Amino acid sequence: MNNILTPLLESTKLQEYFVELRDYIKEEQQRRNDFYDFITEDIKAEFINGEVKIHSPVTDEHDLASSNLFTLLNVFSAMKDNGRVSHEKIMIALTRNSYEPDICFFNKTKAKRFIEGQKLFPTPDFIVEVSSKSTEKFDRGIKFEDYALHGVKEYWLIDPCQKIIEKFLLIGEKFAQQEKRTNGDISSKTIKGFTIPVEAVFDKKIFATTIATISNAKK
Numbered sequence: 145m146n147n148i149l150t151p152l153l154e155s156t157k158l159q160e161y162f163v164e165l166r167d168y169i170k171e172e173q174q175r176r177n178d179f180y181d182f183i184t185e186d187i188k189a190e191f192i193n194g195e196v197k198i199h200s201p202v203t204d205e206h207d208l209a210s211s212n213l214f215t216l217l218n219v220f221s222a223m224k225d226n227g228r229v230s231h232e233k234i235m236i237a238l239t240r241n242s243y244e245p246d247i248c249f250f251n252k253t254k255a256k257r258f259i260e261g262q263k264l265f266p267t268p269d270f271i272v273e274v275s276s277k278s279t280e281k282f283d284r285g286i287k288f289e290d291y292a293l294h295g296v297k298e299y300w301l302i303d304p305c306q307k308i309i310e311k312f313l314l315i316g317e318k319f320a321q322q323e324k325r326t327n328g329d330i331s332s333k334t335i336k337g338f339t340i341p342v343e344a345v346f347d348k349k350i351f352a353t354t355i356a357t358i359s360n361a362k363k
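Written out as structure tokens, the structure reads:
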């Protein structure tokens with residue numbers, strides 16, 4: 145039994161706490177449903193621990209890193225026909241929370257199950273978050289824990305200002321850091337064969353060279 149539950153289980157008010165938690169969960173789920181009705185394609189927002197988090201416009205550095213990596217992944221995935229890469233506005237619905245990762249990848253088996261008009265998506269295999277001052281506490285906190293708990297196999301965290309990419313792999317139910325790089329090549333274990341220079345995410349010229357290499361590679 146989880147140690148956090150021990151005081152509740154030993155309390156004479158266990159039944160009262162149970163009713164209170166049940167009512168809270170029911171009310172939170174209603175707020176989540178209201179959130180789905182509220183959100184539109186023009187608003188980037190997430191539902192985290194019962195609260196709606198509206199994201200502010202991104203910086204130029206964030207946009208460049210996110211766009212470059214998405215394009216590299218998307219072209220590679222299209223060449224390999226290995227799944228689906230999504231960017232910015234895909235809403236993934238986990239047990240309690242709903243997120244819109246900056247970049248995510250679904251393997252071919254999962255992607256084939258998507259239907260026309262679908263707005264909520266399952267756990268991706270690979271997620272990238274481009275952090276900012278306002279999002280880093282979530283990217284390294286609740287998202288870090290939640291993504292791992294739901295079986296995301298690989299998680300990259302990008303600092304667009306310091307030009308750093310951190311790679312985490314799922315070990316058991318937790319992420320373990322494998323790399324933290326500012327230069328050299330970085331590879332994905334989940335997206336087989338995807339290897340790029342770290343600088344391609346941050347530098348337009350290196351990005352252009354890398355995308356040409358990917359595009360000209362044999363399938």
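Numbering follows our numbering, in which position 120 of the sequence shown is assigned residue number 264; successive positions increment by one, without gaps.
Just so it is clear, CB atoms sit at the ideal spot from N, CA and C, and this is done for glycine as well.
Fair warning: this is a prediction, and the values are worked out from it, not measured in the lab.
Cys248 places its beta carbon less than 7 Å from that of Ser230. Looking at the DSSP output, Ala352 bridges to nothing. When only Cα atoms are considered, Thr156 and Arg240 end up about 28 Å apart. If one requires a minimum length of 3 residues, the beta strand (DSSP E) runs lying completely within the segment 255–300 are 270–274, in chain order. In the three-state scheme derived from DSSP, where H, G and I count as helix and E and B as strand, Glu172 is classed as helix.
In terms of CA proximity to Leu213, Ile340 leads the group Ala361, Lys349, Ile340 and Tyr168. For Gln159, the secondary structure class from DSSP, reduced to helix, strand or coil, is helix. Taking every protein chain shown into account, the CB of Phe346 has 16 or more other CB atoms within 10 angstroms, so this residue is buried. Under the DSSP assignment, Val345 falls outside any beta strand (DSSP E); it carries neither an H nor an E label. Shown here for Tyr243: same chain residues with a beta carbon closer than 6 Å to its own, the five before and five after excluded, namely Glu190 and Ile236 in chain order. The beta-bridge partner set that DSSP reports for Phe249 consists of Val229 and Phe270.
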